[in-house]
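Trainee:
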Amino acid sequence: MDRRAFLKSTAAAALATQLGTPLAAGALPAGERPVQAQAVEVLNPCGRVPMSLIIDDSTCLVNLAHFGIPQFAEVFPDNYKQDWRKLPREIPDDFVREFGHWCGEHGVKGKYSIVPYPAMVGWVDRVLPGWTKQELEASLKLVRELMMPNWDIHPEMVSHTRGIDTKTGRPYPEATAAFMENWGFSVGMSVDRMADYVAYGLRILKNAGLECEGMTTPGGFGSRSMESLAQGTLQACRDVYGTQIPHYFRDLYTDGRSVAPLVQYASDLQTDDPKCVVSIIGCTGDWLGGWDGLERGSVDKHVTEDLQGGRLPQVIGRGEPAIIVCHWPGVYFNGEKVGFNILKEVVRRLEARYDNLIWMKLCEIARYWAARELTKIEASDGKITFTAPFAADRFTVRVKSPSSAPPKLTAAGKVITLTEAKKPLDLKAGTWHRDADSLAVCFSLAKGVTTLEAST
Numbered sequence: 066m067d068r069r070a071f072l073k074s075t076a077a078a079a080l081a082t083q084l085g086t087p088l089a090a091g092a093l094p095a096g097e098r099p100v101q102a103q104a105v106e107v108l109n110p111c112g113r114v115p116m117s118l119i120i121d122d123s124t125c126l127v128n129l130a131h132f133g134i135p136q137f138a139e140v141f142p143d144n145y146k147q148d149w150r151k152l153p154r155e156i157p158d159d160f161v162r163e164f165g166h167w168c169g170e171h172g173v174k175g176k177y178s179i180v181p182y183p184a185m186v187g188w189v190d191r192v193l194p195g196w197t198k199q200e201l202e203a204s205l206k207l208v209r210e211l212m213m214p215n216w217d218i219h220p221e222m223v224s225h226t227r228g229i230d231t232k233t234g235r236p237y238p239e240a241t242a243a244f245m246e247n248w249g250f251s252v253g254m255s256v257d258r259m260a261d262y263v264a265y266g267l268r269i270l271k272n273a274g275l276e277c278e279g280m281t282t283p284g285g286f287g288s289r290s291m292e293s294l295a296q297g298t299l300q301a302c303r304d305v306y307g308t309q310i311p312h313y314f315r316d317l318y319t320d321g322r323s324v325a326p327l328v329q330y331a332s333d334l335q336t337d338d339p340k341c342v343v344s345i346i347g348c349t350g351d352w353l354g355g356w357d358g359l360e361r362g363s364v365d366k367h368v369t370e371d372l373q374g375g376r377l378p379q380v381i382g383r384g385e386p387a388i389i390v391c392h393w394p395g396v397y398f399n400g401e402k403v404g405f406n407i408l409k410e411v412v413r414r415l416e417a418r419y420d421n422l423i424w425m426k427l428c429e430i431a432r433y434w435a436a437r438e439l440t441k442i443e444a445s446d447g448k449i450t451f452t453a454p455f456a457a458d459r460f461t462v463r464v465k466s467p468s469s470a471p472p473k474l475t476a477a478g479k480v481i482t483l484t485e486a487k488k489p490l491d492l493k494a495g496t497w498h499r500d501a502d503s504l505a506v507c508f509s510l511a512k513g514v515t516t517l518e519a520s521t
């Protein structure tokens with residue numbers, strides 16, 4: 066599914082037909098999978114439902130809609146007729162600061178893109194013409210200090226408009242759909258070329274002092290080269306940042322399909338260098354406000370006023386990560402903050418209905434799902450052995466246990482102290498809770514071997 070519905074005209078549809086059929090992320094190889102004892106159920110972290118917020122089209126200062134629309138219009142003039150000059154050229158740091166502080170107060174976490182060469186205006190690690198060097202440095206400092214603690218930072222490819230020659234840093238001369246990142250530029254890319262292109266964007270953000278564990282695709286990028294996208298992301302994130310568990314955001318589903326993360330290309334799980342990549346899947350449309358500053362969003366599509374309907378209760382009810390997707394120009398919405406105000410009401414309604422949610426960064430969700438699926442779990446005579454290729458915080462399991470004895474956890478030859486949680490929702494790392502016939506234990510899963518002694 067193309068998040069921004071860029072392929073919406075007959076010309077674009079013809080292009081899509083020419084380029085071939087997109088491949089669903091779920092069709093990619095999962096890779097290795099270890100044996101896991103059926104007697105042990107891996108729960109969500111702390112027994113709660115993960116929440117996250119994906120913000121696309123964000124970067125330092127530049128309003129991508131203002132600068133990107135004329136480039137899109139050059140390729141598809143019938144689609145982009147709005148007067149882009151009326152859109153603000155900047156989304157100011159004062160708004161980033163207001164947004165970041167509010168999210169911090171409400172525990173909201175997620176992913177925040179920094180487009181490295183936004184609409185070819187300038188380079189975030191060098192200069193943005195139209196802003197002073199001091200303004201760019203202050204904007205980057207704000208991202209590092211306010212956003213990075215609670216938000217993954219992603220490159221959204223390189224320019225989000227024209228494809229860039231990584232050897233020269235200049236756009237390819239052809240201003241056609243085949244050379245636009247949002248449309249055909251990625252079609253036919255080999256794994257090596259994809260890895261080079263993703264790494265190019267990552268290095269710009271690394272030069273700017275930003276940490277990244279994943280990437281986001283703009284528009285339709287990668288939808289017809291999913292194998293290369295997944296493997297290229299795996300290679301690039303490991304090469305540039307040494308990332309243990311790279312992840313990428315490409316797809317969202319607003320229908321009945323599962324939106325659980327997909328752990329792909331797992332390999333070398335029994336070595337000191339295990340590998341995998343995780344596809345993160347969003348569950349909403351662009352319902353905080355249109356990316357182009359034209360269409361206002363909807364609270365009720367997320368969760369209705371009676372707190373019963375909307376997309377988020379559907380996903381939360383299944384226990385899958387409920388990941389909201391939005392675009393930064395829509396959150397700011399021409400200075401009217403329409404999307405921001407919708408988000409506030411969505412969060413208020415979620416807080417009014419649920420007490421079992423846990424906001425997480427995408428890298429935290431990716432790590433948890435990798436540990437959930439790739440940890441070998443063996444159970445015998447009341448002893449459970451976890452052999453984990455990756456560590457994971459707040460790892461939570463449930464086993465049948467009629468015994469009243471407290472569980473005993475051992476990792477790296479050391480006994481880990483566990484305390485009893487009075488209620489299931491009191492679970493946190495280092496605690497356990499017992500109900501009538503089962504035992505839930507939440508702990509920091511270490512890489513390597515961990516044992517849990519409980520009557521099973």
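What the sequence shown shows, in the numbering used here, is residues 66 to 521, in sequence order.
Beta carbons: idealized from backbone N, C-alpha and C, even for Gly.
Label Glu246 either buried or exposed according to how many other C-beta atoms from any shown protein chain fall within 10 Å of its C-beta, with 16 as the threshold for buried.
Mentor: Indexing the sequence shown from 1 puts residue 246 at position 181. Its Cβ being crowded by 16 or more others within 10 Å, Glu246 is buried.
Trainee: Following the continuous beta strand (DSSP E) through Lys479, name the residue where it begins and the one where it ends.
Mentor: For this step, residue 479 is matched to residue 414 along the sequence shown. It spans 479-481 - the beta strand (DSSP E) in which Lys479 sits, taken as one unbroken run.
Trainee: On the three-state DSSP scale, how would you describe Thr356?
Mentor: In the sequence shown, the residue the question calls residue 356 occupies position 291. Note on residue identity: the sequence assigns Trp, not Thr, to residue 356. Of the three classes helix, strand and coil, the one that applies to Trp356 here is coil, per DSSP.
Trainee: Do Arg418 and Val368 come within 9 Å of each other at the CB atom, strictly closer than that value?
Mentor: Taking the sequence shown and counting its residues from 1, one reaches residue 368 at position 303. Taking the sequence shown and counting its residues from 1, one reaches residue 418 at position 353. Yes.
Trainee: Quick check on DSSP: helix, strand or coil for Tyr318?
Mentor: As a first step, residue 318 must be located in the sequence shown, where it is residue number 253. Looking at Tyr318 - three-state DSSP - the assignment turns out to be coil, as it is neither helix nor strand.
Trainee: First and last residue of the alpha helix (DSSP H) that includes Gln329?
Mentor: Stepping through the sequence shown from its first residue, residue 329 is reached at position 264. Per DSSP, Gln329 belongs to no alpha helix (DSSP H); it is in the beta strand (DSSP E), 327-332.
Trainee: Measuring only the C-alpha atoms, how far is Gly96 from Asp158?
Mentor: Along the sequence shown, one-based indexing puts residue 96 at 31. Along the sequence shown, one-based indexing puts residue 158 at 93. Cα-Cα distance, rounded: 43 Å.
Trainee: Among residues of its own chain, excluding the 5 on either side of Gly287, which ones have a beta-carbon nearer than 7 Å to its beta-carbon?
Mentor: Indexing the sequence shown from 1 puts residue 287 at position 222. Cβ neighbours of Gly287 beyond the five flanking positions: Ser251, Leu294, Arg315.
Trainee: Rounding to the nearest angstrom, what Cα-Cα distance links Leu504 and Val403 in this structure?
Mentor: Locating residue 504 in the sequence shown gives position 439, where the first residue counts as 1. Locating residue 403 in the sequence shown gives position 338, where the first residue counts as 1. One C-alpha to the other measures close to 45 Å.
Trainee: Counting C-beta neighbours from all protein chains within 10 Å, is the total for Glu559 16 or more, i.e. buried, or is it exposed?
Mentor: There is no way to answer for residue 559, as the model of the chain reaches only from 66 to 521.
Trainee: Leaving out the 5 sequence neighbours to the left and right, which residues in its chain are closer than 7 Å to Pro153 when beta-carbon positions are compared?
Mentor: What you label residue 153 is simply residue 88 of the sequence shown in a count that begins at 1. Asn128, His131, Asn399, Gly400, listed in sequence order.
Trainee: With burial defined as no fewer than 16 other Cβ atoms inside 10 Å of the residue's Cβ, what is the status of Thr75: buried or exposed?
Mentor: By one-based count along the sequence shown, residue 75 stands at place 10. The pLDDT assigned to Thr75 is 34, lower than 50, so where the model puts this residue is not dependable; a value taken from the coordinates is nonetheless given after this. That one is exposed.
Trainee: Give me the DSSP bridge partner(s) of Ile345.
Mentor: Residue mapping note: residue 345 aligns to position 280 of the sequence shown, counting from 1. According to DSSP, Ile345 bridges with Phe314.
Trainee: Does the Cβ-Cβ distance between Glu155 and Trp188 come in under 9 Å?
Mentor: Along the sequence shown, read from residue 1 onward, the residue named residue 155 stands at position 90. Along the sequence shown, read from residue 1 onward, the residue named residue 188 stands at position 123. Taking 9 Å as the Cβ cut-off, Glu155 and Trp188 do not qualify as a contacting pair.
Trainee: Provide the residue(s) that pair with Arg98 in DSSP beta bridges, ordered along the chain.
Mentor: Residue numbering aside, residue 98 sits at position 33 when the sequence shown is read from its first letter. Paired residue(s): none; Arg98 is not in a bridge.
Trainee: CA-CA distance, Tyr306 and His219?
Mentor: Position 241 of the sequence shown holds residue 306. Position 154 of the sequence shown holds residue 219. Cα-Cα distance, rounded: 12 Å.
Trainee: If you run the structure through DSSP and keep just helix, strand and coil, what is Arg289?
Mentor: Here residue 289 is taken as the residue at index 224 of the sequence shown, counted from 1. Reduced to three states, the DSSP call for Arg289 is coil.
Trainee: So what does DSSP say about Ala79, is it helix, strand or coil?
Mentor: Translated into the one-based positions of the sequence shown, residue 79 becomes position 14. Annotation note: pLDDT 38 at Ala79 (below 50); position unreliable, coordinate value reported separately. Of the three classes helix, strand and coil, the one that applies to Ala79 here is helix, per DSSP.
Trainee: Return the CA-CA distance between Val390 and Arg376, expressed in angstroms with no decimal places.
Mentor: On the sequence shown, residue 390 is found 325 positions in, with the first residue counted as 1. On the sequence shown, residue 376 is found 311 positions in, with the first residue counted as 1. Roughly 12 Å between the two C-alpha positions.
Trainee: List the DSSP bridge partners of Cys507.
Mentor: As a working note, residue 507 is residue 442 in the sequence shown. Answer is Thr461, Thr496, bridged to Cys507.
Trainee: What residue from Met280, Gly274, Met254 has the CA that sits closest to Ala264's CA?
Mentor: Position 199 of the sequence shown, counted from the first residue, corresponds to residue 264. It is Met280.
Trainee: Mind listing, in chain order, the continuous beta strand (DSSP E) runs of no fewer than 3 residues lying wholly within the stretch 112-178?
Mentor: Entirely contained in the stretch 112-178, the beta strand (DSSP E) runs reaching 3 residues are, in chain order, 114-121, 175-178.
Trainee: Quick check: the stretch 267-277 against the stretch 228-237, are at least 3 beta-carbon pairs closer than 8 Å?
Mentor: Flag = no, the stretch 228-237 and the stretch 267-277 do not touch.
Trainee: Give a yes or no on whether the C-beta atoms belonging to Pro110 and Phe460 are separated by under 9 Å.
Mentor: The residue you call residue 110 lines up with position 45 of the sequence shown. The residue you call residue 460 lines up with position 395 of the sequence shown. Cβ distance < 9 Å, so Pro110 and Phe460 count as in contact.
Trainee: Using the rule of at least 16 other Cβ atoms within 10 Å of the residue's Cβ for burial, across every protein chain shown, is Gly478 buried or exposed?
Mentor: Here residue 478 corresponds to residue number 413 of the sequence shown, with the count starting at 1. That one is exposed.
Trainee: Can you give me the Cβ contacts of Met185 inside the same chain, cut-off strictly under 7 Å, excluding the 5 residues immediately before and after it?
Mentor: Within the sequence shown, residue 185 is the residue found at index 120, counting from 1. Excluding positions up to five away in sequence, the list reads Ser224, Thr226, Arg227, Pro236.
Trainee: Should Pro214 go down as buried or exposed, given a rule of 16 or more other Cβ atoms within 10 Å for buried?
Mentor: The sequence position of residue 214 within the sequence shown is 149, counting from 1. Exposed.
Trainee: Would DSSP call Cys302 helix, strand or coil?
Mentor: By 1-based counting over the sequence shown, the position of residue 302 is 237. The answer is helix: DSSP assigns Cys302 an H, G or I state.
Trainee: Counting C-beta neighbours from all protein chains within 10 Å, is the total for Arg98 16 or more, i.e. buried, or is it exposed?
Mentor: The count along the sequence shown starts at 1 and reaches residue 98 at position 33. That one is exposed.
Trainee: Short check: CB of Arg383 to CB of Ser469, under 9 Å?
Mentor: Taking the sequence shown and counting its residues from 1, the one referred to as residue 383 is at position 318. Taking the sequence shown and counting its residues from 1, the one referred to as residue 469 is at position 404. Against a cut-off of 9 Å, the Cβ pair of Ser469 and Arg383 comes out as no contact.
Trainee: Measure the alpha-carbon distance for Gly513 versus Leu193 and round it to whole angstroms.
Mentor: Against the sequence shown, residue 513 aligns to sequence position 448. Against the sequence shown, residue 193 aligns to sequence position 128. Roughly 46 Å between the two C-alpha positions.
Trainee: For Val105, count neighbouring Cβ atoms within 10 angstroms of its own Cβ and tell me buried if that reaches 16, exposed if not.
Mentor: Position 40 of the sequence shown, counting from 1, holds the residue named residue 105. With 16 or more Cβ atoms within 10 Å of its Cβ, Val105 is classed as buried.
Trainee: Given this structure, state the Cα-to-Cα distance separating Val100 from Lys473, to the nearest angstrom.
Mentor: Start at 1 with the first residue of the sequence shown, and residue 100 comes out as number 35. Start at 1 with the first residue of the sequence shown, and residue 473 comes out as number 408. Each residue's alpha carbon lies about 23 Å from the other.
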